[in-house]
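Numbering (this note's numbering), first residue to last: 1 to 289. Every residue, glycine too, gets a C-beta built ideally from N, C-alpha and C. Written below as structure tokens is the structure these notes are about.
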């Protein structure tokens with residue numbers, strides 16, 4: 001296990017958030033939030049890179065994952081709770097599959113957790129996206145990967161992006177919690193819509209924001225679709241950058257991801273860089289005699 005600090009914080013209803021931390025405690029705070037399915041350690045490259053730069057880098061096991069509370073209560077995974085054609089759903093068909101047959105989906109994942117994890121965490125391929133994308137036919141196929149009876153066996157698959165201790169910890173974490181809690185995030189669309197409709201300032205975000213496009217991400221495809229338009233409309237100061245990677249960009253291209261984040265901080269919020277308020281940064285012209 002990497003030498004990250006580990007902490008637990010209690011919150012409502014005796015629930016618990018577990019998180020990893022690295023870097024000086026008085027450094028500027030950066031929080032890295034993973035998606036589905038993952039754990040805090042998925043951000044290992046960024047925790048190491050930014051803590052070395054002097055940031056206080058933190059990554060939580062999101063509710064339902066790893067060492068955080070993982071209750072089988074759908075409402076636990078709504079945004080409010082956390083902050084307290086033939087293909088009508090396109091590539092998001094897999095989300096609708098949860099709503100229609102949640103327990104079946106979870107049971108399939110858990111038939112071979114190691115195999116599913118290994119199959120899921122594969123690098124993106126720099127080819128024209130297949131039409132339709134495989135996540136758009138999950139309901140039609142009766143499940144993931146064409147509706148096969150269970151996830152592929154680990155020995156049938158190439159090495160995943162998560163290797164060594166990271167993959168071992170991730171598999172261990174998913175065997176502990178199962179897929180029910182983490183997948184319940186997809187069961188809160190109506191609750192989240194109602195919650196976000198009440199956002200202050202009409203949902204406008206006036207701080208600097210960064211959107212990293214993954215060029216070969218054909219599931220959450222932002223580079224060639226209108227998917228980012230709401231973000232562009234809501235953010236008054238949005239920077240966009242494209243990395244030649246698939247869905248798991250931060251693990252597939254860790255150096256490029258960290259470089260994009262670093263440049264964004266330097267250019268858009270320079271006074272947030274570690275040590276800035278102590279020494280400042282000033283360029284002085286040399287005098288010519």
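Spatial distance of residue i from residue j (CA atoms)
i	j	result
residue 1	residue 74	In this predicted model, residue 1 has a pLDDT of only 48, less than 50, meaning its place in the structure is not dependable enough to derive any value.
residue 30	residue 214	21 angstroms
residue 56	residue 48	10 angstroms
residue 80	residue 149	36 angstroms
residue 266	residue 198	33 angstroms
residue 203	residue 158	43 angstroms
residue 67	residue 175	11 angstroms
residue 206	residue 111	45 angstroms
residue 35	residue 14	23 angstroms
residue 53	residue 103	44 angstroms
residue 228	residue 4	34 angstroms
residue 42	residue 162	8 angstroms
residue 92	residue 275	43 angstroms
residue 230	residue 224	14 angstroms
residue 145	residue 247	17 angstroms
residue 194	residue 201	16 angstroms
residue 37	residue 271	34 angstroms
residue 117	residue 179	11 angstroms
residue 95	residue 190	13 angstroms
residue 259	residue 115	32 angstroms
residue 255	residue 32	15 angstroms
residue 181	residue 264	33 angstroms
residue 107	residue 21	33 angstroms
residue 69	residue 84	15 angstroms
Distance between beta carbons of residue j and residue i, contact taken as under 8 angstroms
i	j	result
residue 109	residue 187	Not a contact, Cβ separation roughly 15 angstroms.
residue 299	residue 19	Only positions 1 to 289 of the chain appear in this structure, which leaves residue 299 out of reach.
residue 245	residue 164	Their Cβ separation, rounded to whole angstroms, is 20 angstroms, which puts residue 245 and residue 164 out of contact at 8 angstroms.
residue 25	residue 17	Not a contact, Cβ separation roughly 18 angstroms.
residue 71	residue 100	Not confirmed; about 22 angstroms, so no contact.
residue 23	residue 50	7 angstroms
Proximity of residue i and residue j at Cβ, strictly below 8 angstroms
i	j	result
residue 153	residue 105	no
residue 137	residue 219	no
residue 40	residue 59	yes
residue 46	residue 250	yes
residue 216	residue 126	yes
residue 210	residue 239	yes
residue 212	residue 166	no
residue 243	residue 222	no
residue 169	residue 208	no
residue 113	residue 177	no
residue 173	residue 151	no
residue 63	residue 76	yes
residue 290	residue 147	No answer is possible for residue 290: it lies beyond the span of the chain, which begins at 1 and ends at 289.
residue 78	residue 196	no
The beta strand (DSSP E) enclosing residue i, as first and last residue numbers
i	result
residue 247	Per DSSP, residue 247 belongs to no beta strand (DSSP E) and is neither H nor E.
residue 31	29-31
residue 15	15-22
residue 291	Since the first and last residues shown for the chain are 1 and 289, residue 291 lies out of range.
residue 212	209-214
residue 6	5-11
Residue span of the alpha helix (DSSP H) that contains residue i, given as start and end
i	result
residue 189	189-196
residue 117	113-120
residue 93	93-109
residue 164	164-177
residue 47	44-52
residue 265	254-268
residue 138	138-141
residue 82	79-83
residue 156	Taken as a continuous stretch (DSSP letters only), residue 156 belongs to no alpha helix (DSSP H), as it is neither H nor E.
residue 180	180-183
residue 232	229-234
Neighbourhood of residue i by C-beta, 8 angstroms cutoff - its chain only, sequence neighbours within 5 removed
i	result
residue 237	206, 207, 208, 209 and 268
residue 233	none
Own chain residues within Cβ distance below 6 angstroms of residue i, not counting five before or after
i	result
residue 253	243 and 245
Residues near residue i by beta carbon distance below 7 angstroms, same chain, minus five either side
i	result
residue 82	63
residue 235	205 and 209
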